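Trainee:
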Amino acid sequence: MNLQHILLRYHTVVFIGCSRHPGKPSYDVPRAMKDHGFFVVCVNPLAEEPIMNAPTYRRIEEVPDKYLEIVDVFRPSREIPLIVRHLIHHGKVPKVFWMQEGIRSSFAKEALSPLGVEVVEDRCILKAYLSLLSRRDEVYASILKFVRVYARARGYALNPDPEKLDEIVLALAYNQRTHGYRFCPCRPLSGNFEEDKKKICPCVWHEEEIKRDGHCRCGLFWNPERLE
Ligand code: SF4
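Each number in the numbering used here corresponds to the 1-based position in the sequence shown with 187 added.
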């Protein structure tokens, strides 16, 4: 999976080495990712209270499995083997193990790739995300944030196919720019706002459709239990 697909496929990032101090990259990067609608989880052995109001744990083994999508590390390269062994030992294997700029580890690749983990090294997750957004515009960014936050609040998953998700958000953004509202990409508009307002995403039918079909008609919001 390329970096852009990773950042459209997953919406939760656990930051190991998340700082309590604004102005440090290990605080500012998680903060910015949170502002973009990602669900951020902090791991800091010295934390006595939640950092940036995010769920905060002192040890990785305390992080609930449901949060283990992207694990992003802000620790020196020499500490990576220990962190990786610790993750494996505690069965805390994420979908993606991401090392920030300047952090590399061949050990991480050798140990985690056979377990099906995508390993990214020496890349800033925020720069990678901003690069994805640079191909789009602010409307796209705000809709992607909206659908992430809405899906999380309702316990839905988003379409697991990064290209499909991109396509749906692009269509919603097009409608927002053209009509001024996030009209549904897959339902025809009548031109009468009173009728069409039912089709502003999330449309009035989505809940029923998710219950019945496992996903809404456009395939944006999914019942997580119906994902393969
Ligand atoms: S079908 Fe899905 S994507 Fe389309 S408007 Fe309804 S909730 Fe939004």
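Just so it is clear, CB atoms sit at the ideal spot from N, CA and C, and this is done for glycine as well. Being a predicted model, the structure only gives us computed values, none of them experimental.
With C-beta atoms as the reference, is glutamine 363 less than 8 Å away from valine 326?
Mentor: If you number the sequence shown from 1, residue 363 lands on position 176. If you number the sequence shown from 1, residue 326 lands on position 139. Cβ atoms of glutamine 363 and valine 326: closer than 8 Å.
Trainee: Answer yes or no: do aspartate 259 and tryptophan 285 have a C-beta to C-beta separation smaller than 8 Å?
Mentor: Working through the sequence shown from its first residue, we reach residue 259 at position 72. Working through the sequence shown from its first residue, we reach residue 285 at position 98. Yes; because the gap between Cβ atoms is below 8 Å, this pair is in contact.
Trainee: Measuring alpha carbon to alpha carbon, tell me which of Leu302, Cys390 and Val230 ends up nearest serine 213.
Mentor: Here residue 213 refers to the residue found at position 26 when the sequence shown is read from its first residue. For the residues Leu302, Cys390 and Val230, the minimum Cα distance to serine 213 belongs to Val230.
Trainee: Counting Cβ pairs closer than 8 Å, one from the segment 338–345 and one from the segment 359–378, do we hit at least three?
Mentor: Too few Cβ pairs lie closer than 8 Å, so no.
Trainee: Taking the CB atoms as reference points, tell me whether threonine 243 and proline 237 lie closer together than 8 Å.
Mentor: On the sequence shown, residue 243 is found 56 positions in, with the first residue counted as 1. On the sequence shown, residue 237 is found 50 positions in, with the first residue counted as 1. Going by C-beta atoms, threonine 243 is nearer than 8 Å to proline 237.
Trainee: Does the Cβ of leucine 407 lie closer than 7 Å to at least one heavy atom of ligand 1?
Mentor: Along the sequence shown, read from residue 1 onward, the residue named residue 407 stands at position 220. Answer for leucine 407: yes, Cβ within range of ligand 1.
Trainee: Just to confirm my understanding: we take histidine 273, look at its own chain, exclude 5 residues before and 5 after, and list those with CB closer than 7 Å. What are they?
Mentor: Taking the sequence shown and counting its residues from 1, the one referred to as residue 273 is at position 86. Answer for histidine 273: Ile247, listed in chain order.
Trainee: Only counting runs of 4 or more residues, tell me where the alpha helix (DSSP H) segments fall wholly within the segment 364–388, in order along the chain.
Mentor: For the segment 364–388, whole alpha helix (DSSP H) runs of length 4 or above, ordered along the chain, are 380–383.
Trainee: Hey, would you say the C-beta of lysine 398 is under 7 Å away from at least one heavy atom of ligand 1?
Mentor: The residue given as residue 398 occupies position 211 in the sequence shown. Not under cutoff, so the answer is no.
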